[in-house]
Amino acid sequence: MRPRPPVKGKGILSGTGLIITGLAATLLALIFPIWSYADRSGTGVDVLNATTVSTRYGPLSALDREFVTKVRLAGLWELPAGQQAQQKGTTQAVRTAGQHLIEGHAFLDARVRDVAAKLGLELPNQPNDQQKQWLATLDAAQGIEYDRQFANILRLAHGKVFSVVAQVRAATRNSLVRALADDANTTVLDHIKILEATGYVDFDALARDMAAASTPPISNSPAPPGPASDPGPAVPVTPTAAPSYSLPPPATSPPPEPSDEQ
0 MRPRPPVKGK GILSGTGLII TGLAATLLAL IFPIWSYADR SGTGVDVLNA TTVSTRYGPL
60 SALDREFVTK VRLAGLWELP AGQQAQQKGT TQAVRTAGQH LIEGHAFLDA RVRDVAAKLG
120 LELPNQPNDQ QKQWLATLDA AQGIEYDRQF ANILRLAHGK VFSVVAQVRA ATRNSLVRAL
180 ADDANTTVLD HIKILEATGY VDFDALARDM AAASTPPISN SPAPPGPASD PGPAVPVTPT
240 AAPSYSLPPP ATSPPPEPSD EQ
């Protein structure tokens, strides 16, 4: 049998189908970026609006609520840690740091419970798993090892909270949360300083731990420092007087047109 000749109509249709498919794919490739960037939801502002509730003290965001919870959680484990430091600390500096923890978090805990009651927020009554692990580590440590563990664990925890306090204080629109952030900032900074004064804080390990938990900057960082000349003190800029402009000359009336009559 002789082979049947190909049907010309099918070849034409197949070629046309490939062309249409290619054009459709190209159109989708052009449309997708426009949709994905210009018409997408889930941006930071969208999330802020969706998770914010109204209160008589101003809008209350999800970050505000998280901050209130973290202030409460800090007191639930740092108060007993401070009490323990007064008993197990081998130096007066460690025992003094423990006293600062007790006084600072007793004050903050009273403040956060008042704020939560006014905002209708529920607060935890137990430390979280990480905080329980820290307390267990301190329970097991003895002598100078206890002093080191106490200073470094508490200093790391306060460093992480310090950045959250700054973020909340900068962005919150709620007056109660703003005032609580002010109190937390003062207390946390005092605790950071008194923990560093023990002489046991390992700043190299602290920097590595903080860097591992942070997001690297998007922009390129400055070059490492090198020899540089003293730029001298900053000099305030004296504002210059506003330039004066002369008014344009007054407009003159156009000359009368000549009359036809002589």
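Numbering that gives the first Met the number 0 numbers the first residue of the sequence shown as 0 and each following residue consecutively. Every residue, glycine too, gets a C-beta built ideally from N, C-alpha and C.
1) Please decide whether Phe-161 counts as near chain D, where near means a Cβ-Cβ distance under 8 Å.
2) Pick helix, strand or coil for Leu-120, following the three-state DSSP scheme.
3) If you measure between the beta carbons of Ala-206 and Leu-107, is that distance less than 8 Å?
4) Buried or exposed: Ile-143, going by 16 or more other Cβ atoms within 10 Å of its Cβ?
5) Quick check: the Cα distance between Ala-135 and Arg-112, rounded to an integer number of angstroms?
6) Start and end of the alpha helix (DSSP H) containing Ser-162?
7) Quick check on this structure: which residue in Leu-179, Ile-193, Asn-151 has the alpha carbon closest to the alpha carbon of Val-163?
8) So the alpha helix (DSSP H) Thr-90 belongs to, where does it begin and stop?
9) Below 8 Å on the Cβ atoms is my guess for Val-265 versus Leu-59; work out the distance and round it to an integer in Å.
10) Could you name the residues of the same chain whose beta carbon sits closer than 6 Å to that of Ala-150, not counting the 5 residues immediately before and after it, in chain order?
11) Three or more C-beta pairs closer than 8 Å, one from the region 169–179 and one from the region 120–135: is that the case here?
12) Who are the Cβ neighbours of Lys-87 in its own chain at under 6 Å, not counting the five residues just before and after it?
13) Report the three-state DSSP secondary structure of Val-52 (helix, strand or coil).
14) Give me the Cα-Cα distance between Pro-101 and Thr-54, rounded to the nearest whole angstrom.
15) Quick one: using the 10 Å Cβ neighbour count with 16 as the cut-off for buried, is Val-167 buried or exposed?
16) Can you tell which of Leu-75, Thr-50, Gly-97, Pro-79 has the C-alpha that lies nearest to the C-alpha of Gln-85?
17) Could you tell me the alpha carbon to alpha carbon distance between Phe-161 and Trp-76, rounded to whole angstroms?
18) Just to confirm, is the Cβ distance from Gln-132 to Leu-72 under 8 Å?
19) Compute the Euclidean distance between the alpha carbons of Leu-78 and Ile-191, then round it to the nearest angstrom.
20) Could you give the C-beta distance for Val-67 and Ala-115, rounded to a whole number, given that I count them as a contact under 8 Å?
21) Name, in chain order, the residues that DSSP records as bridge partners for Leu-59.
22) For Gly-57, which residues from the same chain have a beta carbon less than 7 Å from its beta carbon, with the 5 sequence-adjacent residues on both sides left out?
23) What is the DSSP secondary structure of Val-44, reduced to helix, strand or coil?
24) Would Val-44 be called buried (16 or more neighbouring beta carbons within 10 Å of its own) or exposed?
25) Check this for me: beta carbons of Leu-155 and Asp-208, under 8 Å apart or not?
Short version:
1) The question asks about chain D, but that chain is absent: this structure has only one protein chain.
2) Reduced to three states, the DSSP call for Leu-120 is coil.
3) Cβ atoms of Ala-206 and Leu-107: not closer than 8 Å.
4) Around the C-beta of Ile-143, fewer than 16 other C-beta atoms lie within 10 Å, and the residue is accordingly described as exposed.
5) Each residue's CA atom was taken as its position, placing Ala-135 and Arg-112 some 26 Å apart.
6) In the DSSP annotation of this structure, the continuous segment of the alpha helix (DSSP H) that includes Ser-162 starts and ends at 142–170.
7) Among Leu-179, Ile-193, Asn-151, the Cα nearest to that of Val-163 belongs to Leu-179.
8) From DSSP, Thr-90 is part of no alpha helix (DSSP H); its letter is neither H nor E.
9) There is no way to answer for residue 265, as the model of the chain reaches only from 0 to 261.
10) Within the same chain, and ignoring the five residues on either side of Ala-150 in sequence, the residues whose Cβ sits closer than 6 Å to its Cβ are Leu-194, Thr-197, Tyr-199, Val-200.
11) With contact defined as three or more Cβ pairs closer than 8 Å, the region 169–179 and the region 120–135 are not in contact.
12) So the list reads Tyr-145, once near-sequence residues are dropped.
13) In this structure, Val-52 counts as strand in the three-state DSSP scheme.
14) Note that residue 101 corresponds to Ile in the displayed sequence, not to Pro. Cα atoms of Ile-101 and Thr-54: separation of roughly 32 Å, rounded to the nearest angstrom.
15) Answer is buried; the Cβ neighbour count reaches 16.
16) Check the Cα spacing between Gln-85 and each of Leu-75, Thr-50, Gly-97, Pro-79: the tightest is with Gly-97.
17) The alpha-carbon atoms of Phe-161 and Trp-76 are separated by roughly 17 Å.
18) No. Outside cutoff.
19) Here the alpha carbons of Ile-191 and Leu-78 stand approximately 15 Å from one another.
20) With a Cβ gap of about 6 Å, Val-67 and Ala-115 count as contacting.
21) Note: Leu-59 is bridge-paired with Val-52 in the DSSP secondary-structure output.
22) Within the same chain, Gly-57 has close Cβ partners Arg-172, Asn-173, Ser-174.
23) Looking at Val-44 - three-state DSSP - the assignment turns out to be helix.
24) Exposed, since its Cβ has fewer than 16 Cβ neighbours within 10 Å.
25) Closer than 8 Å, so yes.
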